[in-house]
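Quick note: the sequence shown uses this note's numbering, first residue 159, plus one each step. By construction, the Cβ of each residue, glycine as well, lies at the ideal position given by its N, Cα and C atoms. Computed from a predicted model, the values in this text were never measured in an experiment. Okay, so here's the structure we're looking at.
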Amino acid sequence: MITFDKYGNLIPYDVVESSLREFEKHFVEEIRNSKHRSQLFNAYTDYIQKLNKIIGNDYFQWVNGSFVTKALKPNDIDVVSFIDHRIVEKHETELKFFFYPLSKSVHYVDAYIVKTYSAEHLKYKLFKSDNLYWMHQFLKTRPNRAGRQLNKGFIKIDMRHEKL
């Protein structure tokens with residue numbers, strides 16, 4: 159179940175696992191006057207479908223930003239896709255449209271890709287570093303006028319379990 163604190167931020171202040179259907183229910187259907195949100199969500203699902211045609215669905219995404227709040231008119235959907243490094247390297251040319259800045263201009267999704275590595279791989283520490291960077295970015299709001307950052311959660315969607 160997805161719940162929010164008094165500021166409209168996702169709780170618990172951690173990674174919240176969700177299906178794509180549950181994500182749509184809570185962040186599109188249950189928010190009044192959500193035509194704008196519906197358009198963003200449709201662009202996001204189109205992004206996922208096109209990405210899946212290139213790399214398959216063996217990856218997961220962290221979804222964040224104003225879309226993952228109760229804000230009525232979020233700017234976009236912020237997404238980080240965690241994809242096996244071999245798949246990313248194999249499809250590097252096609253994937254340039256699936257991360258910022260082209261992802262935003264083509265798909266209206268502020269997207270980034272993190273290459274994943276197994277614990278035995280020489281670049282595993284790079285993956286862990288990227289993971290921690292995004293965790294740090296996603297667990298706090300931007301500073302408000304008083305310079306205060308609020309805690310918040312973010313969504314994780316495992317694409318292996320999704321049917322589009």
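Exercise for review: Name, in chain order, the residues that DSSP records as bridge partners for Thr227.
Suggested key: Per DSSP, Asn167.
Check your understanding: So Thr299 is in the alpha helix (DSSP H); what residue range does that whole segment cover?
Key -> In the DSSP annotation of this structure, Thr299 is not part of any alpha helix (DSSP H), being labelled neither H nor E.
Check your understanding: Quick one: what's Ser239 bridged to in DSSP?
Key -> Residue pairing by DSSP places Ser239 opposite Gln219, Ile271 in a beta bridge.
Check your understanding: Which partner residues does Asp316 have in the DSSP bridge list?
Key -> Answer is Phe218.
Practice item. Work out the CA separation of Lys231 and Leu308 for me, nearest whole Å. Key: The alpha-carbon atoms of Leu308 and Lys231 are separated by roughly 20 Å.
Review point. What three-state label does DSSP hand Phe255 in the structure shown?
Key: Phe255: helix per DSSP, three-state reduction.
Practice item. Starting from the C-beta of Gly223, find all residues in its chain whose C-beta is less than 8 Å away, skip the five residues before and the five after it, and write them out in chain order. Key: Around Gly223: Pro232, Asn233, Asp234, Ile235, Asp236, Asp268.
Review point. Helix, strand or coil: which one does DSSP assign to Asn309?
Key: Strand, per DSSP.
Point to revise | Residue nearest to Ser171 in terms of C-alpha spacing, selected from Gly305, Met317, Gln295, Lys321 | key: According to the sequence displayed, residue 171 carries Tyr and not Ser. Ranking the options by Cα distance to Tyr171, first place goes to Gln295.
**Study point:** Residue burial classification, Met317 (beta-carbon count within 10 angstroms, cutoff 16)
**Key:** Met317 is buried by the Cβ-count criterion.
Exercise for review: Could you spell out where the alpha helix (DSSP H) holding Val174 opens and where it closes?
Suggested key: That residue, Val174, is in no alpha helix (DSSP H); its beta strand (DSSP E) goes 173-175.
**Study point:** Sequence-distant residues of its chain with Cβ nearer than 6 Å to Gly166 (five each side left out)
**Key:** Excluding residues within five positions, the ones whose Cβ falls inside 6 Å are Thr227, Lys228.
Point to revise | Enclosing alpha helix (DSSP H) for Phe199 [first to last residue] | key: Bounds of the alpha helix (DSSP H) holding Phe199 are 193-213.
Exercise for review: Measuring alpha carbon to alpha carbon, tell me which of Trp220, Leu198, Ile169 ends up nearest Ser177.
Suggested key: With distances taken between Cα atoms, Ser177 lies closest to Trp220.
Review point. Any idea if Leu209 is buried or exposed, counting beta-carbon neighbours within 10 angstroms, 16 or more meaning buried?
Key: The residue is buried, with at least 16 neighbouring Cβ atoms inside 10 Å.
Review point. Going straight from the alpha carbon of Lys283 to that of Lys164, what length do you get?
Key: The alpha-carbon atoms of Lys283 and Lys164 are separated by roughly 37 Å.
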